[in-house]
Structures are given as structure tokens and as C-alpha cells.
Amino acid sequence: MAASEVVDGNTFFDAMKSSSALMAMAVIAILMVMIIPIPPFLLDVFLAFSITFSIIILLMSMYILKPLEFSVFPSVLLMVTLLRLSLNVASTRLILLHGNEGTAAAGQVIKSFGTFVVGGNYVVGLIVFTVLVLINFVVITKGATRVAEVAARFTLDAMPGKQMSIDADLNAGMISDSEARRRRSEIEQEANFYGSMDGASKFVRGDAVAGIIIVFVNIIGGLVIGVLQKGMPVADAARNYTLLTIGDGLVTQVPALIVSTAAGILVTRSAASTDLGKEVKTQLFMQPRVVATAAIMLFIFALIPGMPKASFFIVSAIIAFLAFSIIKAISRAKEQETMEQEEAPAVVEAAETIAPLDAMGLEVGYGLIPLVDSAQGGELLHRIKALRRQMALEMGFIIPSIHIRDNLKLRPDEYNVLLKGIEIARGNIMMGHHLLISADGHDAKIKGIPAKEPAFGLPAMWITERDKDLAQSKGHVVVDPATVITTHITELIKTHADEILGRNDVQA
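Quick note on numbering: the sequence shown equals residues 3 to 510 in my numbering.
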């Protein structure tokens, strides 16, 4: 019997260690705070936790690289809002029951916000509270809600195009099956996240409205209870209950404002390779001329009669030093890059790319050489290698290496595919453009050059880099030149597989 009790006890404690059990206990604790009266000391602890947790959420939204890394944010937002409302109920109970005892009746945190933060003047406190609510409700929350709505709509509209793009990459051998599954799952999570954020923003708006109502209820209720039930003078009742109510409102609106800011940062961020701080530093100060111009403008402001000269001169000097530092950093980076290029050894071309191969070949015009040259950022060689591996898995035999060479007889933007020295297909590529593929091959709102997709003969058009995101948001499939060629070769291999398969491939 004792052994079973020990096992049951261990099982209980193990269950308590799990995240799900802790989360359930946290929700129950939040609900209990609404129902059970708590002492002022415990209310101080909960209020401190609310502020700390809000700061953690804000910092988390700044340090993540893409919104999906914090996809649980809508649920966290609901939990934080519920926590603040439960603390409002608990503090309201303490204020109305013990407000006649002094400004410390609801704890030291509320007392500090009601006296020190606003200087003990409840009129100033009421104005500060109103300003915070307006900033949160009208500015931040309304903007974040609108951004979330637009992001959710565009994400859903772009889903078919993204799915087709993943299928095209998979068929071209650029990604594996597991990578394709991961990307599809990421697209689904992104749609769910922005859809949830669209609704979760209403929690913050409702919280702001509830905060305003609670303040007026506390002030009016406190006056009635203090004067009629506690026998306090009207002036003392107004001072005590108003200061406590303003302190309560401020101590809940500050975390609400922090979480609203985090929501705004999260929905306005796009996927990046660095956190928000590094992005802002890189993009905001990448042009030293802009920073230097700002320093000059501040210096001019300092010369205007009546302006505080010392303040403007100090800030102008700091900005000028920042501009000088940026110029020096850019100069050092360029010198370092030049030295690395001069010291870099000559790149020896891999033997498999220059060995004479007879089974299949690809000839390109001189204008398409950057697609093949790795030094110029060309990815065609790597994609063809991945294509051969993918086709080997699908077809059961190894595809011979594809020899790539330039051909001056071709037009600069032209390429052809050879099978055993005989041309079997030809196509055209527009460098610096992307190929838009759709049912009718055009879009009235996107300008492009009509073309035909070479692998399947679908209507298409070449669009510029700046129209790529617009086309993808409208659900069109948009592929780069290397993908066009790789997809074309993939279909040719499938069509001519019987001719590519040699005697050595079928030997036991």
C-alpha cells in the first residue's frame, strides 16, 4: 500500500513538472484571483509579475527573427489580458473595502503609482491615465489591428502561389521532400498566426475599454461607500479613492501599453536574418549623408533665437560623431573586402564540370553565363546537381552529368539542351527578370513581357524584380531564370528517359 502511494505521489509531481500542467494551474490561479479576496502584499506580487511578464513579451518580439518564432503570441495575449482583468477585479475589491484606511489600502505598488508617479495629484493622474489609454487604444492597438487584418488577407491570398512555388522547387530538385513538407507546414502556420492575430488584437481593445469603465466605477463607487457607509468627508473620500483608482489604472495600463507595443512590432515585422535592433541599426544608419544632414539641421536649430542652444549643440555633436563613425566603418569594410579579393586564390573549376560528357548537355548564350558562374552568384550548377539526385531517386537510375558550355552561335539570352550531341529543346531567358506563370499568362495590374514557359508551354510573362512580391501576393507562381532552365531539363529527362538510359545502367 505504501509503495503504491509513493508511485502515485511521484506520478503527481512528475505531472506537475510538465508545461501543460503548469499552464492549467496558472489559468486556475488567475481565475481564483477574481473570486477569492487576496491581501495587499500578494496583489503587489501579482502586479510586479504582470509588469515583468509584459516586458519579457516586448523583448521577445524584438529579438525574434520572424513572427512564426513567436506563433504562440495570440494565446499569450489572451492570458495576459485575463491576468490584468483579474488583477483589476482584485484591486477594485480592496479599494472599495479598505479605501478609507489610506492610500496603502490596495498595496504599495498601487500607492506608488498613485502618489509618486503622478505627484499625489489625482487630477494629473487622471489626465496621464487618459493619455495612456488613448495612446494604447487609438494609436497602437488600432494600427496593429489593421496591419494584422491586411497581413491575414494577403497571406491567405498568397498561399496557392507559395504552394505552387514549393512544388516547382521540388520538381526542379532544389529541395528535398522533407524540406518541402517543412515549407508547406510553415505556410500553414503563417496563415493561422496572422488569422489569430487579427482576432487577438480585439482583446487589447476590449481591455482598454474595460480599464476606462473600471476607473469611473471605482471613483463613483468609492465616493458613495466612503461618504455614505464609512462616514468620511467628501474631500478625503475623493482624494483617497481617486488616488487609489488612478494608481490601479496606471499600474494596469502600463503593462497593457507594453503588450500592445509588442503586438505592433510582431505584426509589422518580416522574416529577417537578424533581430530588430540590428535591422534598425543597419537600415536606419546605412546612409551617413542622411545622419550628417540631420546633424547640420540640429546645428541650425541651435542658432535660432530662443532655442536652448546647449541641448541642440550637444545632440548635433553626437549625431555628427555618429555620421563620422559610420563613414569610417564603411571605408574600413571596403578596404577589407578589397584585400580579401586580392588575396583570394584562383578558383579551380571542378573536374566534373569540365569533363567531356556525351549523354546530355546544356549550351547557353554569353548573356546567361552569370547563371553558371558561381563567382557571380550563379546557382544553376548546384541546382542541376540536386536535380540529378532527385531524378535518380524518382527514376531508379543515375542521370549522367550534364555538361554546360557557352555557345557564341546562340543569342545572348538563348539556351539549348542537347541529347547525345543533338539539340532537343531551346528556350529564352531574360536576365534580371522573373517568370510569372498563370492561367492566362498576364495580370492587368502587373507589367511584363509576354512569354511562354518552356517546360510545359504555359502562357507566362517576364516581370521585374520589384513586381515579384506583388505577383506572389496575388497568388501567381513566380520563378527565377535558374528554376526555369532546371524545370525544363527535368521534363526533358522524363520525356527522353529511354534514350538516356544506357547499357551500363541496366547491367546486373
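All C-beta atoms in this analysis are idealised placements derived from N, C-alpha and C, irrespective of residue type, glycine included.
Cβ pair residue i, residue j closer than 7 Å
i: Thr147; j: Glu192; result: no
i: Ala331; j: Ile502; result: no
i: Ser167; j: Val479; result: yes
i: Ala531; j: Leu246; result: Outside the shown range of the chain, which is 3 to 510, sits residue 531, and nothing can be said about it.
i: Ala202; j: Leu61; result: no
i: Gly251; j: Gly101; result: no
i: Arg385; j: Ala484; result: yes
i: Ala297; j: Ser318; result: yes
i: Ile431; j: Leu370; result: yes
i: Val292; j: Leu324; result: no
i: Gly477; j: Gly163; result: yes
i: Phe195; j: Ser63; result: no
i: Ala462; j: Leu494; result: no
i: Val111; j: Val236; result: no
i: Gly249; j: Phe115; result: yes
i: Leu395; j: Pro69; result: no
i: Asn220; j: Thr94; result: yes
i: Ala457; j: Thr488; result: no
i: Ala304; j: Phe287; result: no
i: Tyr124; j: Thr244; result: yes
i: Ala473; j: Trp464; result: no
i: Ile59; j: Ala264; result: yes
Identity of the residue in the options nearest residue i by Cα
i: Ile451; options: Ala457, Ser333, Gly459, His436; result: His436
i: Ser556; options: Gly459, Arg391, Leu412; result: No statement about residue 556 is possible, as the shown extent of the chain runs from 3 to 510 and does not include it.
i: Phe218; options: Lys496, Met433, Asn90, Asp375; result: Asn90
i: Met433; options: Arg183, Val374, Ile328, Ala240; result: Val374
i: Gly423; options: Leu259, Ile431, Arg407; result: Arg407
i: Gly228; options: Gly208, Leu99, Pro257, Val152; result: Leu99
i: Ser475; options: Arg155, Val140, Glu71, Asn418; result: Arg155
i: Asp171; options: Asn418, Ala388, Leu278; result: Ala388
i: Ile215; options: Gln338, Phe131, Phe326; result: Phe131
i: Ala258; options: Leu410, Lys454, Thr143, Leu472; result: Thr143
i: Ser52; options: Leu87, Glu71, Val125; result: Leu87
i: Val226; options: Ala31, Ile97, Ala92; result: Ile97
i: Phe43; options: Ala106, Leu421, Thr117, Val366; result: Ala106
i: Leu383; options: Leu136, Lys204, Val366, Glu181; result: Val366
i: Leu85; options: Val35, Leu286, Met27; result: Val35
i: Lys447; options: Ala453, Thr94, Lys470; result: Lys470
i: Thr83; options: Gln255, Ile129, Gly249; result: Gln255
i: Asn409; options: Ile400, Leu420, Met299; result: Leu420
i: His498; options: Glu416, Tyr417, Met393, Glu455; result: Met393
i: Ile38; options: Val269, Ala92, Leu24; result: Ala92
i: Gln285; options: Ala265, Lys311, Phe303, Ile328; result: Ile328
i: Pro372; options: Arg468, Asp415, His490, Ile400; result: Asp415
i: Glu234; options: Gly121, Glu103, Ser376, Pro402; result: Note that residue 234 is Met in the sequence shown, not Glu. Of the candidates Gly121, Glu103, Ser376, Pro402, the one whose C-alpha sits nearest the C-alpha of Met234 is Glu103.
i: Ala427; options: Phe399, Phe55, Thr492; result: Thr492
i: Ile57; options: Ile260, Arg183, Val133; result: Ile260
i: Gly380; options: Ile40, Asp482, Gly197; result: Asp482
N- and C-terminal bounds of the alpha helix (DSSP H) containing residue i
i: Ala427; result: Ala427 -> not in any alpha helix (DSSP H); beta strand (DSSP E) instead, spanning 424-430.
i: Glu192; result: 179-226
i: Leu80; result: 75-100
i: Asn242; result: 236-270
i: Lys229; result: Sequence inspection shows Val at residue 229; the Lys mentioned does not correspond to that position. Where Val229 is concerned, there is no enclosing alpha helix (DSSP H), given that its DSSP letter is neither H nor E.
i: Arg385; result: 382-397
i: Ser21; result: 21-37
i: Asn173; result: 144-173
i: Lys470; result: 470-475
i: Phe48; result: 42-65
i: Leu286; result: 278-286
i: Phe301; result: 290-305
i: Ser1; result: In the structure as shown, the chain starts at 3 and stops at 510, and residue 1 therefore has no counterpart that could be examined.
i: Thr132; result: 124-136
i: Val111; result: 110-117
i: Glu501; result: 499-502
Whole-Å CB distance - residue i paired with residue j, under 8 Å assumed
i: Ile404; j: Gly429; result: Wrong, their Cβ atoms sit about 15 Å apart, outside the cutoff.
i: Ser262; j: Val211; result: Their Cβ separation, rounded to whole angstroms, is 13 Å, which puts Ser262 and Val211 out of contact at 8 Å.
i: Ala150; j: Met81; result: Not really, about 18 Å apart at Cβ, beyond 8 Å.
DSSP beta-bridge partners of residue i
i: His436; result: Ile465
i: Ala453; result: Ala462
i: Arg1; result: The structure shown does not extend to residue 1, since the chain is modelled only from 3 to 510, so the question has no answer here.
i: Val419; result: Leu364, Ala427
Heavy atom of the ligand ATP within 6 Å of residue i beta-carbon
i: Leu134; result: Summarising the ligand content, the structure contains no ligands, and the ligand ATP is consequently not present.
Extent of the continuous beta strand (DSSP E) run through residue i
i: Glu365; result: 362-366
i: Val480; result: 479-481
Cutoff 7 Å: residue i Cβ touching any chain B Cβ
i: Ala325; result: Included in the structure is just one protein chain, with no chain B present.
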